[in-house]
Amino acid sequence: MTTHLDDNPGGQGPAGPDTDGPADQAGPPAGAGPPRGEERFRQLVEMLPETVFESDITARLTFANRQAFKTFGFSPRDFARGVSGYMLLAPEDRPRAFDYMASVAGGGPGEGVEFTALRKDGGVFPIMMYASPIVRQDEVVGFRGIVVDISGLKQAQEALRRSEEKYRLVVQNASEGLLVSVDLRFAFVNPKAEAILGHAAEALLGMTYRDVIHPDDLPAVVEISRQRARMDPAQSGASHACRVLRGDGRTVWVEFSGVPIDWDGRQGWLNFVSDVTARRQAHEEALLRAKLQAAIETAGAACHELNQPLQSIVLMAELTLAQLPANDPLRPRMEKMRQEMRRMAAITHRLSGITVYRSRDYLGAHSRILDLEGAGQAVGPPGDEQA
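As structure tokens, this is what we get:
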């Protein structure tokens, strides 16, 4: 429920001239000389863009500058009827304000405390209040203070919070790994970077790139880092590839680039990391297929040239066997020759017509050869070959 100034009709009017500060809003009389100290103080207070107030010990206002009327919306007539400082605060903040004033009266620090203020029209806005006790003859008789409207600050803080939240959502949901490194150590990693490197963020923070780069690629990465540090920031975002050792022991290829940033007042690097293992494997397989295709085409051309001489040799072997007696000692050798010639002719015939083929490992994982057992004629449209 919203409370208005008019909800306190029983309040008393301003205190009399015994208050320890400006007691009214009247200016100097016409024709008067330079204002005295108290008058100069009152004129200065009236010029301030923030609310300045004085109250008695019960927090009933005894003085308020013009800005107070403008900020809270009450009128001189309201002031004359009596305005309680507590009634200028949202109901839920009044107990806390009472404790604050009691602390100030007891000699506690008058540090700024945030409250929700209440205008006469029922509108609310955030304020920061600074108060100190008014002491007369060793007795606290009231309070003096300043109220600062912090609506603009709160709006700026909220805009900053929303902006930070947007950036956080972008970073946390990015499809690319993001790592911030300072003095070569990881200071921030997003979830995608955790997934690529196979380590939880808690484990990565404090690690250096030396802890994750494959030893064979480390010298090149070190040199890239040195060159990058000497480059113009506008030219430092070139991409490079290397292998990294994941937390689960697997090795993956990554592509990385980086730009310099300020990180908590220190020079750092924002690194962008992508897993390119599948892309590199596809590229390597494409290169292998091209090599195999070239080998098949060369073999096919050679087989085409060899096929006719082989057929002639097989025919001559057949004619020779037809003329040899059954018990001739050369006959077994000629039969073996004919058998091998027929096998060679079959191989060349198959090679010359291969369009579907497979490859298999040979002498280690980095060497592959054509698997003739899986080779054959194409039965579908071009592009159905198997590698």
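Quick note: the sequence shown, position 280, residue 672 per the working numbering, numbers continuous. Glycine residues also receive a C-beta, built at the ideal position from the N, C-alpha and C atoms.
query: Span of the beta strand (DSSP E) holding Tyr-522?; result: 516-528
query: Does the beta-carbon distance from Ala-585 to Gly-569 come in below 8 Å?; result: yes
query: Could you tell me which uninterrupted beta strand (DSSP E) segments, each at least 3 residues in length, are contained entirely in the stretch 655-738, listed from first to last along the chain?; result: 658-667
query: Around the C-beta of His-591, are 16 or more other C-beta atoms found within 10 angstroms, so that it is buried, or is it exposed?; result: buried
query: Can you tell which of Asn-457, Arg-642 and Ala-451 has the C-alpha that lies nearest to the C-alpha of Phe-433?; result: Asn-457
query: Which residues in the same chain have their Cβ closer than 6 Å to the Cβ of Cys-695, if we skip the five residues on either side of it in sequence?; result: Thr-740, Leu-743 and Ser-744
query: Would you call the CB atoms of Leu-597 and Leu-589 closer than 8 Å?; result: no
query: From Leu-545, Glu-431, Tyr-522 and Gly-499, pick the residue whose C-alpha is nearest to that of Glu-446; which is it?; result: Tyr-522
query: Does the stretch 549-568 come close enough to the stretch 597-612 to have 3 or more Cβ pairs within less than 8 Å?; result: no
query: Enumerated in chain order, which unbroken segments of the beta strand (DSSP E) with a length of 3 residues or greater are wholly contained in the stretch 496-582?; result: 505-510, 516-528, 531-541, 569-574 and 577-581
query: What are the start and end residues of the alpha helix (DSSP H) that includes Leu-610?; result: 610-622
query: Grouping DSSP H, G and I as helix and E and B as strand, with all else coil, what is Ala-460?; result: helix
query: Using CA coordinates, which residue listed in Ala-670, Gly-465 and Ile-616 is at the minimum distance from Gly-514?; result: Gly-465
query: Less than 8 Å between the C-beta atoms of Ala-630 and Trp-645, yes or no?; result: no
query: As a quick exercise: from Val-581, Ile-616, Thr-450 and Asp-608, pick the residue whose alpha carbon is nearest that of Met-599.; result: Val-581
query: Thinking just about the alpha-carbon of each residue, which of Ile-616, Asp-575 and Asp-640 is nearest to the one in Val-604?; result: Asp-640
query: Does any heavy atom of the ligand COA sit closer than 7 Å to the C-beta of Leu-707?; result: For the structure depicted, the ligand COA is absent and the ligand set is empty, with no information on it obtainable.
query: Could you give the residue range of the beta strand (DSSP E) that holds Leu-637?; result: 632-637
query: Taking Asp-575 as the reference, give the member of Gly-498, Glu-689 and Ala-621 with the closest Cα.; result: Ala-621
query: For Val-444, name the three-state secondary structure that DSSP assigns.; result: strand
query: Can you list, in chain order, the residues of its chain whose CB lies under 8 Å from that of Tyr-478, leaving out five sequence neighbours each side?; result: Ala-451, Arg-486, Ala-489 and Phe-490
query: I'd like to know whether the C-beta atoms of Ser-524 and Gly-502 end up nearer to each other than 8 Å.; result: yes
query: Mapping DSSP to helix, strand and coil, what is Pro-483?; result: helix
query: Spell out the partners DSSP gives Leu-453 in its beta bridges.; result: Ser-447
query: Ser-467: buried (16+ other C-beta within 10 angstroms of its C-beta) or exposed?; result: exposed
query: Distance, Cα to Cα, Val-532 vs Thr-454?; result: 15 Å
query: Please classify Gly-537 as buried or exposed, where buried requires at least 16 other C-beta atoms within 10 Å of its C-beta.; result: buried
query: Can you tell me whether DSSP reads Asp-603 as helix, strand or coil?; result: helix
query: How would you write the range of the alpha helix (DSSP H) that Leu-436 sits in, first residue to last?; result: 429-439
query: Where Pro-724 and Glu-697 are concerned, what is the direct C-alpha to C-alpha distance, given to the nearest angstrom?; result: 29 Å
query: Could you compute how far the alpha carbon of Leu-722 sits from the alpha carbon of Gly-692?; result: 34 Å
query: If Gly-504 and Asp-448 are in contact, beta carbons under 8 Å, what's the gap, nearest whole angstrom?; result: Going by Cβ atoms, the distance from Gly-504 to Asp-448 rounds to 22 Å, so no, they are not a contact pair.
query: Identify whether Gly-336 lies in helix, strand or coil by the three-state DSSP scheme.; result: As displayed, the chain neither begins before 393 nor continues past 779, which places residue 336 out of reach and without an answer.
query: Would you tell me roughly how many angstroms separate the C-alpha atoms of Tyr-492 and Arg-577, rounded to the nearest one?; result: 46 Å
query: Is it right to say Asp-608 is buried, meaning 16 or more other beta carbons lie within 10 angstroms of its own, or is it exposed?; result: exposed
query: For the alpha helix (DSSP H) containing Ala-472, name the first residue and the last one.; result: 468-473
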